[in-house]
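Visitor:
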Amino acid sequence: MRMAGIARYRIVNSCAPRPFAGNPICVFLDEPDGSVMQSIATQMNQSCAIFPVRTGEDSYRMRLFTPEREVAYAGSPSLSAAWTMGDGVWTQTTSGAVARIEVKGDMAWMEQPQPIIEEIEEDDLIEGLGLRSIETIVRCTVASNSYVLAVTNDDPAGFAPRPDVLMRPATRFGPALVGAVVRHADDEIEARMFGPAHGVAEDPACGAVAGALGTLMHRHFGTSQTVSLRQGERIGRPSLITVDIGGPAIRVGGRQIAMGEGHVDLP
């Protein structure tokens, strides 16, 4: 639905264990002209602004924007989009993927494609995060998205991100998100993800890479098939994503909390 002059939105905290936590997603309820969507996303300055449009009884299409660019696929914003649509099983279509998302109550679960994971050498990632111990470095491809990740035993609180250095692998492999993951227990991992190429200093909840992280850590480091993925704690936005790779499809889920609403005046 398009309304002349304004575009209404809701702020939904995705993968939030409590209010004022998780990843704040700007979910637009009206579809403005495509030519202003990037400007709106830059103005809102959240990790993602999304524009879902219902196309059927249980389906919708969506465009997604970070403050810097349009993206073809995302995780936690997709959960928020489906949750805003309401309870049920939804088929979401973006330019990068078609996703099945189930919503019940305050939880949303999405099925994710099998990731492509390849080991690489990437000294700029080590330098850019100030890492001391490295188990492996991988490039993960999920749908149309790229991620460059280190598996480390370092304390995530001790990462020393340097955006200028992280921009090198972020642009070389992407635009990609870059970061590192740590195993805390058989059923608990923690990741920090950075998006210098997307205008996102640190992503509080990178749901699109969650399935790949669960797969990587289970295959190579023996974690459980179902794990809790913690993110955002080091920037005051604690997020919790549940990853289940034990079934026929990878499933990623998180709690959704509505935090506010408003509108943007369109030129």
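Following the numbering used here, the numbering of the sequence shown begins with 18 at its first residue and continues without gaps. Glycine residues also receive a C-beta, built at the ideal position from the N, C-alpha and C atoms.
Could you please give the first and the last residue of the uninterrupted alpha helix (DSSP H) stretch that includes glutamine 60?
Guide: As a position in the sequence shown, residue 60 is number 43, starting the count at 1. Glutamine 60 -> alpha helix (DSSP H) spans 54–61.
Visitor: Which runs of the alpha helix (DSSP H), 4 residues or longer, sit entirely within the segment 224–268?
Guide: 227–238, all fully within the segment 224–268.
Visitor: Go through the segment 22–87 residue by residue and report every complete run of the beta strand (DSSP E) that reaches 3 residues or more, in order.
Guide: If we require 3 residues or more, the beta strand (DSSP E) runs fully inside the segment 22–87 come out as 23–31, 40–45, 65–73 and 76–82.
Visitor: At 4 residues or longer, and completely inside the segment 90–163: list those alpha helix (DSSP H) runs for me, N to C.
Guide: You should have 93–102 and 140–146.
Visitor: Grab me the residues of glutamate 207's own chain with a C-beta within less than 8 Å of its C-beta, minus the 5 sequence neighbours each way, in chain order.
Guide: As a position in the sequence shown, residue 207 is number 190, starting the count at 1. Hits under 8 Å: Pro173, Val198, Val199, His201, Leu246, Arg247, Gln248 and Glu250.
Visitor: Taking a contact to mean a Cβ-Cβ separation below 7 Å, would you say valine 195 touches leucine 183 in this structure?
Guide: One-based indexing of the sequence shown puts residue 195 at position 178. One-based indexing of the sequence shown puts residue 183 at position 166. Yes, they are a contact pair.
Visitor: Please state if the CB of arginine 254 and the CB of proline 221 are separated by a distance shorter than 7 Å.
Guide: Translated into the one-based positions of the sequence shown, residue 221 becomes position 204. Translated into the one-based positions of the sequence shown, residue 254 becomes position 237. Contact flag set, yes.
Visitor: With burial defined as no fewer than 16 other Cβ atoms inside 10 Å of the residue's Cβ, what is the status of phenylalanine 37: buried or exposed?
Guide: On the sequence shown, residue 37 is found 20 positions in, with the first residue counted as 1. With fewer than 16 other Cβ atoms within 10 Å, it is exposed.
Visitor: State the Cα-Cα distance for the pair phenylalanine 45 and cysteine 223, rounded to the nearest angstrom.
Guide: Translated into positions along the sequence shown, residue 45 becomes position 28. Translated into positions along the sequence shown, residue 223 becomes position 206. Going from the Cα of phenylalanine 45 to the Cα of cysteine 223 covers about 20 Å.
Visitor: Taking 8 Å as the threshold, find out whether the segment 91–104 comes into contact with the segment 225–232 through three or more Cβ pairs.
Guide: The segment 91–104, when compared against the segment 225–232, does touch it at the 8 Å Cβ threshold.
Visitor: If you drop the 5 nearest sequence neighbours on each side, which residues of the same chain put their C-beta closer than 7 Å to that of aspartate 141?
Guide: Counted from its first residue, the sequence shown places residue 141 at position 124. Same-chain partners within the cutoff: Val182, Arg185 and Pro186.
Visitor: Run through DSSP, which three-state label would arginine 179 get?
Guide: By 1-based counting over the sequence shown, the position of residue 179 is 162. If DSSP states are grouped into helix, strand and coil, arginine 179 belongs with coil.
Visitor: Per DSSP, phenylalanine 211 forms a beta bridge with which residues?
Guide: Counting from 1 along the sequence shown, the entry for residue 211 is found at position 194. Looking at the DSSP assignment, phenylalanine 211 forms a beta bridge with Val195.
Visitor: Based on the DSSP output, what are the partners of aspartate 282 in its beta bridges?
Guide: Here the question's residue 282 lines up with position 265 in the sequence shown. Per DSSP, Ile23.
Visitor: With distances taken Cα to Cα, identify the nearest neighbour of methionine 210 among Gly145, Val244 and Thr232.
Guide: By 1-based counting over the sequence shown, the position of residue 210 is 193. The shortest Cα separation from methionine 210 among Gly145, Val244 and Thr232 belongs to Gly145.
Visitor: Applying the criterion that 16 or more other CB atoms from any shown protein chain within 10 Å of the CB defines a buried residue, is proline 132 buried or exposed?
Guide: Position 115 of the sequence shown, counting from 1, holds the residue named residue 132. By the neighbour-count rule (16 or more Cβ atoms within 10 Å), proline 132 is buried.
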